[in-house]
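Down below is the structure, laid out as structure tokens.
2 protein chains.
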Amino acid sequence: MSLSICDECSALSVPIAQFKPVCSNCGWRELCLPAGLSLEELARIERFVSARRKVKRGHSLYQVDDPFAAVYAVWKGFFKSNAYLEDGREQVTGFHMPGDLIGVDGINADRHTCNAIALEDSDVCVIPFSRFEELSNEVPRLRRQFHVMMSRGMARGQAAMLLLGSMYGDQRLASFLLNMSQRVAARGQPSSELHLCMTRLEIGSFLGLTFETVSRFLSKFHEERLISIHRRTIRILETAGLRNIIAGPSERRSAYYANTLGG
Amino acid sequence: MSLSICDECSALSVPIAQFKPVCSNCGWRELCLPAGLSLEELARIERFVSARRKVKRGHSLYQVDDPFAAVYAVWKGFFKSNAYLEDGREQVTGFHMPGDLIGVDGINADRHTCNAIALEDSDVCVIPFSRFEELSNEVPRLRRQFHVMMSRGMARGQAAMLLLGSMYGDQRLASFLLNMSQRVAARGQPSSELHLCMTRLEIGSFLGLTFETVSRFLSKFHEERLISIHRRTIRILETAGLRNIIAGPSERRSAYYANTLGG
DNA sequence: CGTTGCGTTGAATAAGGTCAAATAGAGTGG
DNA sequence: CCACTCTATTTGACCTTATTCAACGCAACG
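In the order they appear, the protein sequences are chains A and B.
According to this note's numbering, the residues represented by the first sequence are 1 to 263, in order.
According to this note's numbering, the residues represented by the second sequence are 1001 to 1263, in order.
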């Protein structure tokens, strides 16, 4: 259950100079910390994002109780955040794709409070935190963007509470699919075809459902021609149909519910 | 359902000078933004916390879509954060007591994304945000504490997901009671007697349960002599018993589960 | 070609929601 | 002070939803 940080992965931290794509020509720039920065400001932040780190599928970027030293911008790949309950069950608390900022949970107690595990081979930009705090002093827009991204994280938590606290299983799953689709779209990728690289168990954990229930509702959506399923590739056929499910089971269907759930 | 900001409450914003207690001799200092600051640093922040505002019971400090201008430190009273679903149902996303920082959700989109409603007559310290960001540049410890409090907010969101996603109703309620008790204790008040100023409906909404279920479990805890109930005053008689409930229904009882749920 | 992990499906069961009725206080007006 | 009203709360009966337990299919991999 608990993965330890392996030497193999640690050894894969390499100076960013070895990589061509730095912030200024990174495709996720406007989703990430450098959003809105001038070229000159970009240059300052680039000098200081110290390294990019590779994390192999199934391995962890950080774990509960690891000392907090840096936050990370996902550059390539896919992560989940999770925590383990005493009885061994897993609770997935988020999914993270390129452009997302993770590790912020560690600021609070100077230790990480969850695990970040790569669901596919991934690369992250390492942002040493205390140096970052200093730099953000000198670049107000950077500071503001950091606060925006923190605030966004809290908003996602709120949306998750809303989802877990007041929706049925099928509504949760429909929200999840639309939200994933929306996030993929925000990254300029075809959003109707989702390559979910997580298991049904992980989706279920995130949505507060068992994996059997997830599977059942996926099958139900498929029967209703709202989606098609090919292993972990899901194609959304009827966005409106999924929205209808979220809106409720027939009568009360005032306004379409904007899917605000986050990762 | 939706309360509008009333003139009565708005008129109650008053310069903080009219109040004796400023940060340096505020009892919540070490829980709040000034935590760890020197007297000199305190003086700087005091000059700048512009006003304290009164919010009457049932009225809102801010509402969804209100433009974001300030964050608030609860000084006296009790708040809930909530959002309304399209069908009119309420989702309570947090409870806030003195020393808590609220309104941070607004940074993200420059508008508030939830409502903050006073559950009893309350006072908050108004912290204009852009001025605060500037000041925090000059006082690194203040900046850090702000980040810590944001991070703590995210950790609470995570804990809430854990609670909503992987616990039974009785476990959720027991977690809630222990958590409230712990937060009261952190404020130096007797923690065995809780004066909950929210309704069963609000507790239920927060915990993802109906108010009937909340009532039933409270009665069950009472029967089991774990708590005593007097309207909204609840006395915790058996902390260990509540922890047992959280740990699980009999067998698997490895380690006691630390209640990390937040408001 | 067996093993192993993931996914699907069915039947039985439990947890909690829904509906309904009764009770208890707090506040109001006479 | 009392009857009346309103809301919050408790409790019971019933029913929906999702979990649990179990069997089986399928693909990847040694």
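By construction, the Cβ of each residue, glycine as well, lies at the ideal position given by its N, Cα and C atoms.
These numbers come from a predicted model, not from an experiment.
Distance, residue j Cα to residue i Cα
i	j	result
E1120(B)	L237(A)	49 Å
S191(A)	F48(A)	33 Å
E1193(B)	S1228(B)	9 Å
A240(A)	F217(A)	17 Å
L142(A)	I1246(B)	42 Å
G88(A)	T210(A)	15 Å
C114(A)	I107(A)	12 Å
L85(A)	E1041(B)	41 Å
Y257(A)	R243(A)	Model confidence at Y257(A) stands at a pLDDT of 32, short of 50, so the residue's coordinates are unreliable; what they give is reported in the following sentence. Cα-Cα distance, rounded: 7 Å.
M1097(B)	K1076(B)	7 Å
P128(A)	S1050(B)	34 Å
M266(A)	S215(A)	Outside the modelled stretch of chain A, which goes from 1 to 263, sits residue 266(A), for which no answer is possible.
K1020(B)	G1027(B)	Note that K1020(B) scores 45 on pLDDT, short of 50, meaning its location in the model is unreliable; the coordinates nonetheless yield the value given after this. Cα-Cα distance, rounded: 12 Å.
R1231(B)	Q171(A)	35 Å
K54(A)	V22(A)	15 Å
R144(A)	V92(A)	29 Å
R131(A)	E212(A)	46 Å
D1110(B)	S1166(B)	33 Å
L61(A)	L31(A)	21 Å
A116(A)	H147(A)	21 Å
H1112(B)	Q1063(B)	6 Å
S1181(B)	L1037(B)	27 Å
R57(A)	L178(A)	25 Å
A1174(B)	G169(A)	24 Å
G204(A)	V126(A)	30 Å
A118(A)	H59(A)	6 Å
F1206(B)	R44(A)	44 Å
E90(A)	E202(A)	8 Å
Counted within 10 angstroms of its Cβ, other Cβ atoms place residue i as buried (16 or more) or exposed
i	result
D1065(B)	exposed
L39(A)	exposed
G296(A)	Nothing can be reported for residue 296(A), as the shown portion of chain A is limited to 1 through 263.
T233(A)	exposed
N25(A)	exposed
G1153(B)	buried
R252(A)	Here the model assigns R252(A) a pLDDT of 32, short of 50, so the residue's position is not dependable, and the following value carries that caveat. R252(A) is exposed by the Cβ-count criterion.
L261(A)	Because the pLDDT at L261(A) is just 37, under 50, the model does not fix this residue reliably, and the point stays unresolved.
R1156(B)	buried
R235(A)	exposed
P34(A)	buried
G94(A)	buried
S1219(B)	exposed
E1134(B)	exposed
Segment limits, alpha helix (DSSP H) that includes residue i
i	result
F1132(B)	1129 to 1138
E1202(B)	1200 to 1207
G1241(B)	1239 to 1247
V1214(B)	1211 to 1223
Limits of the unbroken beta strand (DSSP E) element including residue i
i	result
K54(A)	51 to 55
S1228(B)	1227 to 1230
R235(A)	233 to 236
E972(B)	Nothing about residue 972(B) can be reported from this structure: the residues present for chain B run from 1001 to 1263 only.
G169(A)	Not the beta strand (DSSP E): G169(A) falls in the alpha helix (DSSP H), residues 169 to 186.
A83(A)	70 to 84
E193(A)	193 to 195
L1042(B)	Unbroken run through L1042(B) is the alpha helix (DSSP H), 1039 to 1046; no beta strand (DSSP E).
L1061(B)	1060 to 1062
**Message:** Under 8 Å, with one C-beta from each stretch per pair, do the stretch 1065 to 1079 of chain B and the stretch 1098 to 1109 of chain B reach the 3-pair mark?
**Reply:** Of all C-beta pairs linking the stretch 1065 to 1079 of chain B to the stretch 1098 to 1109 of chain B, three or more are shorter than 8 Å, placing the two stretches in contact.
**Request:** Determine, using beta-carbon pairs with one atom in the stretch 1197 to 1216 of chain B and one in the stretch 1079 to 1091 of chain B, whether at least three such pairs fall under 8 Å.
**Result:** Yes, the stretch 1197 to 1216 of chain B touches the stretch 1079 to 1091 of chain B.
**Request:** May I ask you to verify whether the stretch 1160 to 1175 of chain B touches the stretch 1124 to 1138 of chain B, counting CB pairs closer than 8 Å and requiring at least 3?
**Result:** Flag = no, the stretch 1160 to 1175 of chain B and the stretch 1124 to 1138 of chain B do not touch.
**Request:** Check distances from the C-beta atoms of the stretch 82 to 104 of chain A to those of chain B and list, in chain order, the residues that come in under 7 Å.
**Result:** Listed in sequence order: A83, L85, E86, D87, R89, Q91, T93, V104.
**Prompt:** Hey, is the stretch 1182 to 1190 of chain B in contact with the stretch 1213 to 1227 of chain B, meaning 3+ C-beta pairs nearer than 8 Å?
**Reply:** No contact exists between the stretch 1182 to 1190 of chain B and the stretch 1213 to 1227 of chain B.
**Prompt:** Of all the residues that make up the stretch 169 to 199 of chain A, which are near chain B by a beta-carbon distance shorter than 7 Å?
**Reply:** Listed by position, the residues of the stretch 169 to 199 of chain A near chain B (Cβ gap below 7 Å) amount to none.
**Prompt:** In the stretch 1057 to 1074 of chain B, which residues sit with their C-beta less than 7 Å from some C-beta in chain A, listed in chain order?
**Reply:** If the cut-off is 7 Å between Cβ atoms, the stretch 1057 to 1074 of chain B has nothing near chain A.
**Request:** Report the residues of the stretch 201 to 232 of chain A with a CB closer than 8 Å to any CB of chain B, ordered along the chain.
**Result:** Close to chain B, meaning a Cβ-Cβ distance shorter than 8 Å, are the following residues of the stretch 201 to 232 of chain A: S205, F206, L207, G208.
**Message:** Along the stretch 1114 to 1137 of chain B, where does the CB come closer than 7 Å to a CB of chain A? Name the residues.
**Reply:** When CB distances to chain A are screened at a threshold of 7 Å, the residues of the stretch 1114 to 1137 of chain B falling below it are C1114, E1133, N1137, in chain order.
**Message:** So if I threshold CB-CB distances at 7 Å, which residues from the stretch 145 to 169 of chain A count as touching chain B?
**Reply:** Within the stretch 145 to 169 of chain A, the residues whose Cβ lies closer than 7 Å to any Cβ of chain B are, in chain order, H147, V148, M150, S151, R152, G153, M154, A155, G157, Q158, A160, M161, L162, L164, G165, S166.
**Request:** Return the residues of the stretch 238 to 249 of chain A that lie within a Cβ-Cβ distance of less than 9 Å from chain B, sorted by chain order.
**Result:** Within the stretch 238 to 249 of chain A, those residues whose Cβ lies closer than 9 Å to any Cβ of chain B are, in chain order, A247, G248.
**Prompt:** At a Cβ cut of 8 Å, what residues of the stretch 1022 to 1051 of chain B count as close to chain A, listed as they run along the chain?
**Reply:** From the stretch 1022 to 1051 of chain B, no residue has a Cβ closer than 8 Å to chain A.
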